[in-house]
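Structure record follows, encoded as structure tokens.
There are 2 protein chains.
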Amino acid sequence: MSTNNSPQYILGIDGGGSKTKTVIVSEGNIVLGTGISGPGNPLHGFEQSINSITESALLALKNAGLEHLKLSDLVAGVGLAGVNLPSLHKKMSEWENPFKKMFLASDLLVACLAAHDGKDGAVMISGTGSCGFSYVKGEEFMMGGHGFPQGDKASGAWFGLQACETVLLALDGVAPPTAMTSILLDVLGVSDEMGIVESTAGKKATHFGKMANLVFDCAEQGDATALKIIEEGIEYIMAMTTRLEQKNPERVAMLGGLTRRIVPFMTAEFRAKLTYPIHQPEIGSVIFARQQLAK
Amino acid sequence: MSTNNSPQYILGIDGGGSKTKTVIVSEGNIVLGTGISGPGNPLHGFEQSINSITESALLALKNAGLEHLKLSDLVAGVGLAGVNLPSLHKKMSEWENPFKKMFLASDLLVACLAAHDGKDGAVMISGTGSCGFSYVKGEEFMMGGHGFPQGDKASGAWFGLQACETVLLALDGVAPPTAMTSILLDVLGVSDEMGIVESTAGKKATHFGKMANLVFDCAEQGDATALKIIEEGIEYIMAMTTRLEQKNPERVAMLGGLTRRIVPFMTAEFRAKLTYPIHQPEIGSVIFARQQLAK
Numbered sequence: 033m034s035t036n037n038s039p040q041y042i043l044g045i046d047g048g049g050s051k052t053k054t055v056i057v058s059e060g061n062i063v064l065g066t067g068i069s070g071p072g073n074p075l076h077g078f079e080q081s082i083n084s085i086t087e088s089a090l091l092a093l094k095n096a097g098l099e100h101l102k103l104s105d106l107v108a109g110v111g112l113a114g115v116n117l118p119s120l121h122k123k124m125s126e127w128e129n130p131f132k133k134m135f136l137a138s139d140l141l142v143a144c145l146a147a148h149d150g151k152d153g154a155v156m157i158s159g160t161g162s163c164g165f166s167y168v169k170g171e172e173f174m175m176g177g178h179g180f181p182q183g184d185k186a187s188g189a190w191f192g193l194q195a196c197e198t199v200l201l202a203l204d205g206v207a208p209p210t211a212m213t214s215i216l217l218d219v220l221g222v223s224d225e226m227g228i229v230e231s232t233a234g235k236k237a238t239h240f241g242k243m244a245n246l247v248f249d250c251a252e253q254g255d256a257t258a259l260k261i262i263e264e265g266i267e268y269i270m271a272m273t274t275r276l277e278q279k280n281p282e283r284v285a286m287l288g289g290l291t292r293r294i295v296p297f298m299t300a301e302f303r304a305k306l307t308y309p310i311h312q313p314e315i316g317s318v319i320f321a322r323q324q325l326a327k
Numbered sequence: 033m034s035t036n037n038s039p040q041y042i043l044g045i046d047g048g049g050s051k052t053k054t055v056i057v058s059e060g061n062i063v064l065g066t067g068i069s070g071p072g073n074p075l076h077g078f079e080q081s082i083n084s085i086t087e088s089a090l091l092a093l094k095n096a097g098l099e100h101l102k103l104s105d106l107v108a109g110v111g112l113a114g115v116n117l118p119s120l121h122k123k124m125s126e127w128e129n130p131f132k133k134m135f136l137a138s139d140l141l142v143a144c145l146a147a148h149d150g151k152d153g154a155v156m157i158s159g160t161g162s163c164g165f166s167y168v169k170g171e172e173f174m175m176g177g178h179g180f181p182q183g184d185k186a187s188g189a190w191f192g193l194q195a196c197e198t199v200l201l202a203l204d205g206v207a208p209p210t211a212m213t214s215i216l217l218d219v220l221g222v223s224d225e226m227g228i229v230e231s232t233a234g235k236k237a238t239h240f241g242k243m244a245n246l247v248f249d250c251a252e253q254g255d256a257t258a259l260k261i262i263e264e265g266i267e268y269i270m271a272m273t274t275r276l277e278q279k280n281p282e283r284v285a286m287l288g289g290l291t292r293r294i295v296p297f298m299t300a301e302f303r304a305k306l307t308y309p310i311h312q313p314e315i316g317s318v319i320f321a322r323q324q325l326a327k
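Chain order of the listed sequences is A and B.
Position 17 of the first sequence, counted from 1, bears residue number 49 in my numbering, the numbering being contiguous throughout.
Position 24 of the second sequence, counted from 1, bears residue number 56 in my numbering, the numbering being contiguous throughout.
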């Protein structure tokens, strides 16, 4: 297909664990409208995922005042968590989708394309989970992202788990006292060690992720235990970055909800290696669709 | 009640997560018969717990050739996990039990009484979980035992989790290669990083506990990563022991399924502080019952 055929409008869709966001853009990737619907991660439900994709796309058209357009007239780039698994990629590809054409990519690939405006690059992501990813000369490379509790080091869930662990040790008198103790008790709404144990037993990553911010709050006040946790997290991010650099990306961007908390604790030297992302992930979906159309 | 009233036979019952064991003893705590039934931990099901207690007691009578005795003629000491929680202690105490009299204690107290033949002492326990406990001048003190993954350091589940974490880091090239990698893949029956992630995602402590032995196997062959994990575990056990010693126990015993693996890695100096348990926990239940009868 030649670029002469490229349509005026493109839909860029990013389906994540908590919401699905669609933008409709004109040539030059100017955002004309935005639509947000429910969770779009097909790992957590295929039907919900395809409903969210369709709904957010229709909302984006409405938001842009382009209700006269039909989804069947439009090309969509869709970035979804989980579609790096072959079985899920196949299932999603076979969906009789409402679009003129749908180009499917992993959430990591569209985030990376967005971060570097379509150029080769790498991303370090630290949100509830963590992972590293590079896309260089058409080759995707992923590292980390091993899940909670055995992986996802330097993620929100990991920082929260470290907080929990060290506070419990401090309360038992086998680790130094830490300012995190009283704040953790407050955050969990409990009054003692047993309360922490009961309120965290069997909980998932998102629950521990809520305890991440207090580590940074306490470190900013000089708490030695909190600083040590952050140091270990940053060491991991540095080791990941070194591995990603071996793939020769043009840039490495740091993304995800914890970025603004972690970056201030890095050395100036290491911080200088990292860039901010250029675009939001849904623009990465647009870029991916344009790249595929141009092939 | 005076000791003149003490019955000839006593039942000692230990109800744990996987089985319930009852012994019937004569004066002098000579074991005449043993009965084993299903799980007895009331945290995992009250009905199952009371059924297992009754069943194992009847089996012990049969095993001793004392079927002519009735449970209603016999005093029972019962050690159960979870009854340190007041709500569960109340529920179990209110059970219309089949015994002449039932004396209820935590699994930790009966293990400690058993380890030290009823004398004041402390125990360090490392099985699937871990914790420390002392019983001195009638005062119970518990530490650790915070559950998986945020606590239970130096337990089987903790060693397995560390193995998993470090192997995943090694496979990503951000930690040194370790001999644990190939053995962990074998133990889990998978062939790569993704296989480890899929086979451990969302799994409970017992699943990770199965990966503990390989840490010790590899450390015995000199693997540096495995040795470092064991060192951290032993540091925790030493810190716990120091805290327990502040309670002035006469002895500190090390118990639990991992003991025989951990102890050889301790320094001779620290190892000299620890003793073997004198009796099995169910004898602790007998000792507890006799102490209560003598009050």
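Glycine included, C-beta positions come from ideal geometry on N, C-alpha and C.
Nearest-angstrom beta carbon gap, residue j and residue i [assumed within contact, 8 Å]
i, j, result
"G111(A)", "L141(A)", "7 Å"
"S158(B)", "S138(B)", "So it is not a contact: roughly 18 Å between Cβ atoms."
"A258(A)", "M298(A)", "15 Å between Cβ atoms; not a contact."
"G288(B)", "A146(B)", "That pair is no contact at about 13 Å."
"V284(B)", "G153(B)", "7 Å"
"K242(B)", "G161(B)", "Going by Cβ atoms, the distance from K242(B) to G161(B) rounds to 14 Å, so no, they are not a contact pair."
"I62(B)", "L98(B)", "Not quite, the Cβ-Cβ distance comes to about 13 Å (not below 8 Å), so this is no contact."
"V229(B)", "G179(A)", "6 Å"
"K132(B)", "V115(B)", "So it is not a contact: roughly 20 Å between Cβ atoms."
"F320(A)", "G109(A)", "5 Å"
"E314(A)", "I45(A)", "6 Å"
"S104(B)", "P130(B)", "6 Å"
Endpoints, the alpha helix (DSSP H) within which residue i is located
i, result
"M333(A)", "Since the first residue shown for chain A is 33 and the last is 327, residue 333(A) is missing from the structure and cannot be characterised."
"G227(B)", "E225 to T232"
"T291(B)", "T291 to I294"
Beta strand (DSSP E) segment containing residue i, residue limits
i, result
"M243(B)", "Counting along the chain, M243(B) falls outside any beta strand (DSSP E), and DSSP gives it neither H nor E."
Beta-bridge pairing of residue i - partner residues as DSSP gives them
i, result
"L325(B)", "According to DSSP, L325(B) bridges with nothing at all."
"V63(B)", "V57(B)"
"G47(B)", "T52(B) and L112(B)"
"A285(A)", "V155(A) and T307(A)"
"I346(A)", "One cannot answer for residue 346(A) here, as it falls past the ends of chain A, which runs 33 to 327."
"I42(A)", "V57(A) and V107(A)"
* To do: Compile a chain-ordered list of the residues in the region 225-241 of chain B whose CB is closer than 7 Å to at least one CB of chain A.
  => V229, T232 and A233
Self-check item: Runs of alpha helix (DSSP H) wholly within the region 135-219 of chain B (minimum 4 residues, chain order)
Solution: 139-147 and 188-203, all fully within the region 135-219 of chain B.
| said: Counting only Cβ-Cβ distances shorter than 9 Å, please list the residues of the region 160-190 of chain A near chain B, keeping chain order. | reply: G164, M175, G176, G177, H178, G179, F180, P181, Q182, G183 and K185
TODO: Taking a Cβ distance cut-off of 7 Å, strictly less, list which residues of the region 306-322 of chain B are near chain A, in chain order.
DONE: none
Handout entry: Proximal residues, the region 253-268 of chain A versus chain B, C-beta separation under 9 Å
Key = Y268
Entirely enclosed beta strand (DSSP E) segments - the region 74-143 of chain A, minimum 3 residues = 107-112 and 133-138
So if I threshold CB-CB distances at 9 Å, which residues from the region 107-141 of chain B count as touching chain A? From the region 107-141 of chain B, only L117 have a Cβ closer than 9 Å to chain A.
Please list the residues of the region 191-202 of chain A that have a C-beta atom closer than 7 Å to any C-beta atom in chain B, keeping them in chain order.
-> L193, C196, E197 and L200
Practice item. Pull out every residue of the region 272-304 of chain B whose Cβ sits closer than 7 Å to any Cβ of chain A, in chain order. Key: M272 and R275
Legend entry - Residues of the region 206-226 of chain A with Cβ closer than 7 Å to any Cβ of chain B, in chain order: V206
*asked:* To be precise: take each residue of the region 45-64 of chain A, compare its Cβ to all Cβ atoms of chain B, and keep it if any distance is under 7 Å. Which residues remain?
replied: none
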